[in-house]
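Student: Below are the structure tokens for one structure; questions will follow.
Residue numbers (our numbering), protein chains in the order written: chain G, 18 to 131; chain B, 11 to 123.
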């Protein structure tokens with residue numbers, strides 16, 4: 018039972034480069050989320066999706082884009098990476114409001130922008 | 011808007027002693043509250059939740075939390091701490107539709123032998 022899988026686990030980018038983080042879940046969850054974790058700031062929501070084909074902005078969406086073309090996948094894109102985007106990124110999924118249950122997290126992607 | 015606050019950046023406790031990690035919340039409507047634990051270089055693991063019902067909620071690894079509506083608190087507790095409990099703990103709350111989970115800033119728990 019894989020749960021939530023994030024790819025890659027580590028990445029170093031140069032300023033201005035682009036990349037896509039992939040999140041895949043095998044629990045048939047409706048909702049998916051992208052968070053970033055920075056020291057002393059907890060987890061901040063970047064973007065989220067409440068279903069296939071839908072996305073919405075979270076607390077810190079600037080500099081990121083997302084897509085949810087398939088229910089099981091949620092992609093986070095950085096078009097032009099900046100040092101301020103150095104962080105640990107977590108993807109999560111949840112069944113949605115009907116079950117009122119917790120979110121399940123991936124293992125994280127540690128991104129360094131130099 | 012929903013929010014949670016964890017007033018302590020760090021909590022130190024001796025092994026075998028009881029531990030408390032504090033969380034207060036601010037919500038519109040009924041609160042749905044969660045505790046997660048994060049070990050180094052790992053993702054967040056769910057510990058327990060309060061949705062409705064009994065104010066004392068029991069969860070994984072011997073942890074429990076008490077929901078206190080009058081004090082808007084949801085403190086995490088354990089009667090006897092273990093060194094292996096040392097980790098980063100996050101309190102979280104959702105909005106009414108579970109569209110978003112809002113996290114506190116985290117509390118680092120250090121349990122010393």
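Quick reminder that beta carbons are idealized off the backbone N, C-alpha and C, glycines included. Given the structure is predicted, the values throughout are model-derived calculations rather than measurements.
Please confirm if residue 122 of chain G has its CB atom under 9 Å from at least one CB of chain B.
Tutor: Taking Cβ atoms only, chain B reaches closer than 9 Å to residue 122 of chain G, which makes this a yes.
Student: Select from G/98, G/108, G/114 and G/41 the residue whose C-alpha is nearest the C-alpha of residue 126 of chain G.
Tutor: Minimum Cα distance to residue 126 of chain G is reached at G/108.
Student: Quick one: which chain B residues come within Cβ less than 8 Å of residue 117 of chain G?
Tutor: Within chain B, the residues near residue 117 of chain G are 42, 61 and 108.
Student: Can you round the beta-carbon distance between residue 19 of chain G and residue 90 of chain G to whole angstroms, since I take them to be within the 8 Å contact cut?
Tutor: Actually they do not touch by this definition, with Cβ atoms about 13 Å apart.
Student: Give me the Cα-Cα distance between residue 93 of chain G and residue 54 of chain G, rounded to the nearest whole angstrom.
Tutor: Approximately 15 Å between the Cα atoms of the pair.
Student: Closer than 7 Å by beta-carbon distance: list the chain B residues that pair up with residue 67 of chain G, in chain order.
Tutor: Ordered by position in chain B, the residues that pass the 7 Å Cβ test against residue 67 of chain G are 109.
Student: Taking a cut of 8 Å between CB atoms, which residues from the region 85-113 of chain G lie near chain B?
Tutor: Listed in sequence order: 107, 109, 111 and 113.
Student: What do you get for residue 58 of chain G, buried or exposed, if any count of 16 or more other CB atoms within 10 angstroms of its CB means buried?
Tutor: That one is exposed.
Student: Using DSSP bridges, identify the partner residues of residue 64 of chain G.
Tutor: Answer by DSSP bridge pairing, in chain order: G/51 and G/74.
Student: Determine the burial state of residue 64 of chain B: buried for a count of at least 16 other Cβ atoms within 10 Å of its Cβ, exposed for fewer.
Tutor: Exposed: under 16 other Cβ atoms inside 10 Å.
Student: Find the residues of chain B that neighbour residue 48 of chain G, judging by a C-beta separation of less than 8 Å, and give them in chain order.
Tutor: Going along chain B in sequence order, the residues near residue 48 of chain G (Cβ under 8 Å) are 108 and 109.
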